[in-house]
Every structure is written in C-alpha cells, then in structure tokens.
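Trainee: Below is the structure I would like to discuss, written out as structure tokens.
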Amino acid sequence: MRVLKVVLLILGLVIVGGIAYGGYRLYDYTEHDPRFCASCHIMKKAWKTWSVGAHKDVTCKTCHKQDIVSRARIVWSWAVSDIEEVPPHTRLDRRVCESCHFAQNGPWKLVADTVGHKQHVMKADLQCLACHLPSLHTFEPKAEDCQRCHSHSRMNIGGMAGFHCTTCHNFLARGDDVEEMLPKRETCLECHQGMQIKEETFPEDGPMAFECAECHKPHTKPFLDFFDCLSCHEDITEDQAHFERRAINRCVRCHRPHTWTADTWEAKAR
C-alpha cells in the first residue's frame with residue numbers, strides 16, 4: 114500500500130509538472146514567438162515585411178502591447194468572423210520607439226541627438242508613426258510622407274523629381290541647429306560633379322564659393338533669371354559698360370555659370 118501511494122504521488126507530480134511545463138511553453142509561444150502571430154492568415158503580409166526588416170530580431174509584443182480585452186477581441190473576431198484584414202489591435206505610442214532609439218546604448222540606430230528628430234518629434238511633438246507608419250514594418254518614410262506637411266516644398270526640377278527628401282536634406286545630422294539639415298555645397302557636388310550627372314566645372318577659386326542654394330531654388334523655381342542676379346548685383350544696372358552692350362538682363366551670355374568670369378574677347382564681341 115505504501116509503495117502504491119509513492120507511485121501515485123510520483124505520477125501526480127509528473128502530471129502536474131507536465132501540465133505546468135506545457136502551460137509555460139504555450140504561454141511563452143503565444144507571448145514571445147512571432148510565429149504565433151504568423152499562424153493567422155491575415156498576418157502573412159505583416160510577417161513577410163517584418164522578417165526581412167531592421168526589426169526582425171524584435172518580437173511582435175515588444176512593440177505591440179495589448180491588454181487582455183484587446184487580445185480577447187482579436188481571438189473572438191478570428192473565431193466567429195471571416196476577417197480578411199488585420200483589425201485595429203494596439204496603439205503604438207512613440208514612447209515604445211523611444212525606449213530603444215532614444216537610449217544611450219544598444220545596437221540600434223540612436224536618433225535623440227539628430228536635428229531632424231529634434232525638430233519633428235521634440236519640437237513639433239509628432240508621433241513616430243506619423244512618418245514611419247505607411248511603409249509596413251520597414252519604417253522607411255517616403256517623400257510623399259514628408260509632403261503631407263511640407264506641401265509647399267515640392268521639387269520643381271524634373272531631374273530631381275524622383276529624389277527622396279533625405280537625398281539632399283541630412284535628417285540625421287547631429288546638433289541643434291536646423292540649418293544643419295540644409296544641403297551644403299559638397300552635398301550638391303556629390304552628384305553634380307563626382308557622379309557626372311551634369312558636367313559642370315566648379316573652380317575652387319571661383320568668385321562664388323558660397324552654397325549652391327544661394328542661387329538655385331529647386332523647391333520654388335527650376336531656372337535662374339536676371340532678377341536672381343540682381344538680388345546681389347543691384348548696382349550693375351548703373352554700369353555704363355553693361356548698359357552700352359545691352360547686357361543688363363542677359364548675364365549668362367558673357368558670364369559663364371559657376372566660373373562667372375567673362376572672357377575678354379567674348380565680352381568685347383557682345
């Protein structure tokens with residue numbers, strides 16, 4: 114009889130232990146394993162973009178935090194409804210993003226000290242997903258996302274129309290001054306000289322060694338005109354030599370762009 118009790122006790126412990134272990138494994142699978150989310154057919158698209166993105170090592174519930182009511186609602190919808198799209202299931206507050214991307218250490222991209230995020234997140238109080246949401250789980254903002262707010266800054270130069278805003282604007286520049294986001298002369302020359310997209314000569318000793326944007330306004334007008342030159346050279350209208358040659362409103366006929374030094378013979382010929 115004593116032996117039977119021992120056997121039953123051991124058997125009971127094994128059963129209880131098995132149930133406890135199985136329960137733990139089930140809990141761990143549903144809470145921490147993204148494959149549980151992917152088991153629902155409507156999550157296939159979300160799973161695919163997540164599995165190849167920068168967040169593929171971050172589990173779903175690290176970001177998607179739900180209370181018991183929200184979880185029950187999704188299970189109920191799955192059980193009784195023939196749903197084909199993921200229903201609203203969690204509100205992703207920017208504090209979730211900041212817990213990693215505003216931290217001072219870690220393998221992920223830190224953005225707390227970047228000018229772009231200081232202006233948009235801290236100053237304008239935008240939620241991260243206002244820019245990063247439209248591209249599901251890739252979190253790469255598109256130029257169209259920028260233009261929802263910056264509609265006045267559309268690109269008016271055909272050759273640059275397909276550029277992303279951050280091609281020229283350094284959103285991740287470090288510092289506090291918003292001017293750091295503006296393209297520098299070197300930024301423009303990376304394409305217009307280094308990659309020979311447009312063959313131009315930019316002499317280092319040229320008289321106009323300032324930023325390209327002083328003359329070129331790709332967001333407002335694609336080409337320069339006489340009045341652009343006058344914004345600096347307003348006294349030229351009183352110059353006798355230019356007046357006699359009727360060259361007041363035809364600057365580039367003598368002054369070659371980017372060198373701006375008029376060839377003596379060419380100037381006389383005009």
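One gets our numbering by counting positions in the sequence shown from 1 and adding 113 to each.
Ideal placement from N, C-alpha and C gives every residue a C-beta, glycine not left out.
Computed from a predicted model, the values in this text were never measured in an experiment.
(1) Hey, how far is the Cα of Lys174 from the Cα of His233?
(2) Taking C-beta to C-beta, are Leu302 and Ala326 nearer than 9 Å?
(3) Check whether chain D comes within 9 Å of Arg208, counting only Cβ atoms and requiring the distance to be less than that.
(4) With a cut-off of 8 Å on the beta carbons, I'd call Thr203 and His177 a contact; round off their distance for me.
(5) Looking at Leu205 and Ala216, is the spacing between their C-beta atoms short of 9 Å?
(6) Phe386 to His329, Cα distance in whole Å?
(7) Leaving out five residues on either side along the sequence, give the residues of the same chain with a beta carbon under 6 Å from the beta carbon of Ile123.
(8) Give a yes or no on whether the C-beta atoms belonging to Glu257 and Arg298 are separated by under 9 Å.
(9) Roughly how far, in whole angstroms, is the beta-carbon of His168 from the beta-carbon of His277, given that I think they are within contact range, below 8 Å?
(10) Please specify which runs of the alpha helix (DSSP H), each continuous and at least 4 residues long, are wholly inside the segment 185-233, giving them in chain order.
(11) Applying the criterion that 16 or more other CB atoms from any shown protein chain within 10 Å of the CB defines a buried residue, is Phe340 buried or exposed?
(12) Judging by CA-CA distance, which residue of Trp221, Glu253, Lys334, Glu292 is the nearest neighbour of Met268?
(13) Cys262 to Arg186, Cα distance in whole Å?
(14) Taking Cβ to Cβ, would you say Arg207 is nearer than 9 Å to Cys241?
(15) So, do the segment 134-147 and the segment 190-197 have three or more beta carbon pairs nearer to each other than 8 Å?
(16) Leaving out the 5 sequence neighbours to the left and right, which residues in its chain are closer than 8 Å to Lys255 when beta-carbon positions are compared?
(17) Buried or exposed: where does Val228 fall if 16 or more other Cβ atoms within 10 Å of its Cβ makes it buried?
(18) Residues in its own chain within less than 8 Å of Lys158 by CB, not counting five upstream and five downstream?
(19) Buried or exposed for Cys345, going by 16 or more other Cβ atoms inside 10 Å?
(20) Which class does Lys169 belong to by DSSP, given the choice of helix, strand or coil?
(21) Near Gln260, what residues of its chain come up, given a Cβ to Cβ distance below 7 Å and the 5 sequence neighbours on each side ignored?
(22) Give the straight-line distance between the Cα atoms of Pro147 and Thr172, rounded to the nearest whole angstrom.
(23) If you draw a straight line from the C-alpha of Ser190 to the C-alpha of Val199, how long is it?
Mentor: Once the coordinates are examined:
(1) Position 61 of the sequence shown, counting from 1, holds the residue named residue 174. Position 120 of the sequence shown, counting from 1, holds the residue named residue 233. Cα to Cα, the separation comes out at about 26 Å.
(2) Here the question's residue 302 lines up with position 189 in the sequence shown. Here the question's residue 326 lines up with position 213 in the sequence shown. No, the pair does not count as a contact, with Cβ atoms beyond the cut-off.
(3) Protein chain content of the structure displayed is limited to a single chain, and chain D is not contained in it.
(4) The residue you call residue 203 lines up with position 90 of the sequence shown. The residue you call residue 177 lines up with position 64 of the sequence shown. About 5 Å; that satisfies the 8 Å criterion.
(5) Along the sequence shown, one-based indexing puts residue 216 at 103. Along the sequence shown, one-based indexing puts residue 205 at 92. No.
(6) Look at the range of the chain in this structure, 114 to 383, and you will see that residue 386 is not part of it.
(7) As a first step, residue 123 must be located in the sequence shown, where it is residue number 10. Excluding residues within five positions, none has a Cβ falling inside 6 Å.
(8) By 1-based counting over the sequence shown, the position of residue 257 is 144. By 1-based counting over the sequence shown, the position of residue 298 is 185. No, they are not a contact pair.
(9) Taking the first residue of the sequence shown as 1, we reach residue 168 at position 55. Taking the first residue of the sequence shown as 1, we reach residue 277 at position 164. Not quite, the Cβ-Cβ distance comes to about 21 Å (not below 8 Å), so this is no contact.
(10) 207-214
(11) For the purposes of this step, residue 340 is taken as residue 227 along the sequence shown, with counting starting at 1. With fewer than 16 Cβ atoms within 10 Å of its Cβ, Phe340 is classed as exposed.
(12) Start at 1 with the first residue of the sequence shown, and residue 268 comes out as number 155. Of Trp221, Glu253, Lys334, Glu292, the residue nearest in Cα terms is Lys334.
(13) Reading the sequence shown from its first residue, position 149 is the one you call residue 262. Reading the sequence shown from its first residue, position 73 is the one you call residue 186. C-alpha separation (whole angstroms): 35 Å.
(14) Within the sequence shown, numbered from 1, the residue matching residue 207 stands at position 94. Within the sequence shown, numbered from 1, the residue matching residue 241 stands at position 128. Contact flag set, yes.
(15) no
(16) Counted from its first residue, the sequence shown places residue 255 at position 142. The answer, listed in chain order, is Pro247, Ser248, His277.
(17) The residue given as residue 228 occupies position 115 in the sequence shown. With 16 or more Cβ atoms within 10 Å of its Cβ, Val228 is classed as buried.
(18) In the sequence shown, the residue the question calls residue 158 occupies position 45. Closer than 8 Å at Cβ, skipping near neighbours: Leu249.
(19) Numbered from its first residue, the sequence shown carries residue 345 at position 232. Under this definition Cys345 is an exposed residue.
(20) Numbered from its first residue, the sequence shown carries residue 169 at position 56. Residue state, collapsed to three classes: coil.
(21) Sequence index remark: in the sequence shown, residue 260 carries index 147 (1-based). Excluding sequence neighbours, Gln260 sits near Arg267.
(22) Here residue 147 refers to the residue found at position 34 when the sequence shown is read from its first residue. Here residue 172 refers to the residue found at position 59 when the sequence shown is read from its first residue. C-alpha separation (whole angstroms): 6 Å.
(23) In the sequence shown, counting from the first residue as 1, residue 190 sits at position 77. In the sequence shown, counting from the first residue as 1, residue 199 sits at position 86. If I take the Cα positions, the gap works out to 10 Å.
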